[in-house]
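First up is the structure itself, then whatever we jot down about it.
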Amino acid sequence: MNATQVTALPSTPRGDATHTFARLVVWAALPLILFGGSVTSLDAGMAVEGWLTVESSQGERLLWLYPLEDWFRNIGQFVEHSHRMVGTVVGLLAIGAVVAAFATGASQAARRMTTIALVAVCVQGTIGGFRVLENSPQLAFLHGALGQAVFATLVAAAIVTSPRWSAAAPVAHESAGSLKSLATRATATVYLMIVSGAWLRHTNDPMALALHLMLLFVVLASVVLLFKRLSGFDGGLSHLATSGRRLGWIIKAQVVLGVLALMAVMVWYGPSATGVHDSILPTLHVLGGALLLGQCLASRMWVGRLLKQEAGS
Ligand code: HEM
Ligand code: HEM
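1 is the number of the first residue of the sequence shown in this note's numbering; add one for each residue after it.
Listed below in structure tokens is the structure:
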């Protein structure tokens, strides 16, 4: 790889409050997606009636005062209520990131990105609430497809608030332009694949399966090329190689999980699961989609941040 004036980037020191919160939001969003995916797999979207105030065995209650015996009554109520509670934790941490960004005088980009992430979480939570209030399959699809984009936004906020991001200075590189468009293409096609997956999951339409599998070739073409090209970086740009290696692992795992999810819903168990054993594979495939999208976006952001077009090319 031909790069000039490359210096090693600082790693993230402990104690940076904005970045710590932004990272915690991403970590807390992982169980949120697992619980949300389980709700869809188990067809438990209406297991807890109401939003903000909910029906319980002890009458109407505030969501956060839902009785424990109802919460743990059966797997449907457990995953649905847990999804909402983890959603609350994600919301509080996202507020923490915004407060920390403004209180510590973080960069304008960090303040803007943590605010966008908080708004995204609020919009997603509201769609989730209305999906239940209206008992709407359309909103369930929208919530599923948008949830993945919200996760990617949280990843973007964690990156922009990192000291590594602030300290980075782009270096001239011959393939800056082509890598940027490749990473943009990978991110966009992965998201299209996610939307087709949500369509499939929420309707079982064979057309959606056909589209999902056709898009697989487009996704593989861009993601595999991207991870191979990124893996070749070293020295001060080794962060790009790390990004590439992560992409490689996630895409491989996601294809395997896709095949297993297909077997689970079409051959072994059927589309509506009844417990952990038959819901876990499709649910892990949902999580894999979020991780792949997040990693593609992260790669795109780092390519844009670390590389610039060589003068005169
Ligand atoms: C940041 C907040 C949230 C995120 C990122 C999120 C994300 C998700 C994801 C990824 C799924 C899986 C969709 C699928 O497998 O296709 C899901 C399902 C679901 N979520 Fe959320 N969610 C959030 C907040 C909420 C809230 C506050 C509610 C309130 C009630 C809610 C209600 C639901 C329901 C009912 C489902 C199942 C939809 C169905 O019937 O298939 N979510 N969520
Ligand atoms: C990189 C490749 C892939 C990505 C990014 C991806 C992404 C996704 C996502 C995110 C969902 C759920 C959407 C939602 O409800 O939120 C989904 C559903 C699904 N995907 Fe994939 N997928 C990939 C590859 C595959 C492969 C290779 C197969 C099978 C050969 C497959 C089969 C399925 C099936 C059967 C479902 C529906 C599962 C259900 O009904 O519970 N996917 N995909």
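Backbone N, C-alpha and C define an ideal beta-carbon position, used for all residues, glycine too.
Here the structure is a predicted model, which means the values were calculated and not measured.
Count the other C-beta atoms from every protein chain shown that fall within 10 angstroms of the C-beta of residue i, then say buried if there are 16 or more, exposed otherwise.
i	result
Glu60	exposed
Thr53	exposed
Asp16	buried
Ala3	The predicted position of Ala3 is uncertain, since its pLDDT is 47 and thus under 50; a value taken from the coordinates is nonetheless stated next. Burial call: buried.
Pro137	exposed
Phe151	buried
Trp64	exposed
Thr104	exposed
Arg300	buried
Taking only the alpha-carbon atoms, compute the straight-line gap between residue i and residue j and give it to the nearest angstrom.
i	j	result
Asp205	Arg131	21 Å
Gly177	His277	46 Å
Arg14	Thr203	Per-residue confidence for Arg14 stands at a pLDDT of 46, beneath the threshold of 50, marking its modelled position as unreliable; no derived number is given.
Asn74	Glu49	14 Å
Trp302	Ser181	13 Å
Leu93	Ala311	43 Å
Arg164	Arg305	10 Å
Ala140	Gln124	11 Å
Ser166	Arg201	40 Å
Gly96	Gly147	20 Å
Leu24	Gly294	15 Å
Measure the CB-CB distance between residue i and residue j and report whether it falls below 9 Å.
i	j	result
Phe35	Val89	no
Val160	Leu297	no
Val171	Leu291	no
Thr189	Val218	yes
Thr115	Val98	yes
Ser222	Arg185	yes
Leu240	Leu230	yes
Thr20	Ala106	no
Examine ligand 1 and report whether any of its heavy atoms sits within less than 8 Å of the Cβ of residue i.
i	result
His212	no
Trp165	no
Trp51	yes
Glu55	no
Thr114	no
Val150	yes
Under 8 Å: does the beta carbon of residue i sit that close to some heavy atom of ligand 2?
i	result
Pro31	no
Asn204	yes
Gln254	yes
Thr314	What is shown of the chain runs 1 to 313, which leaves residue 314 out entirely.
His285	yes
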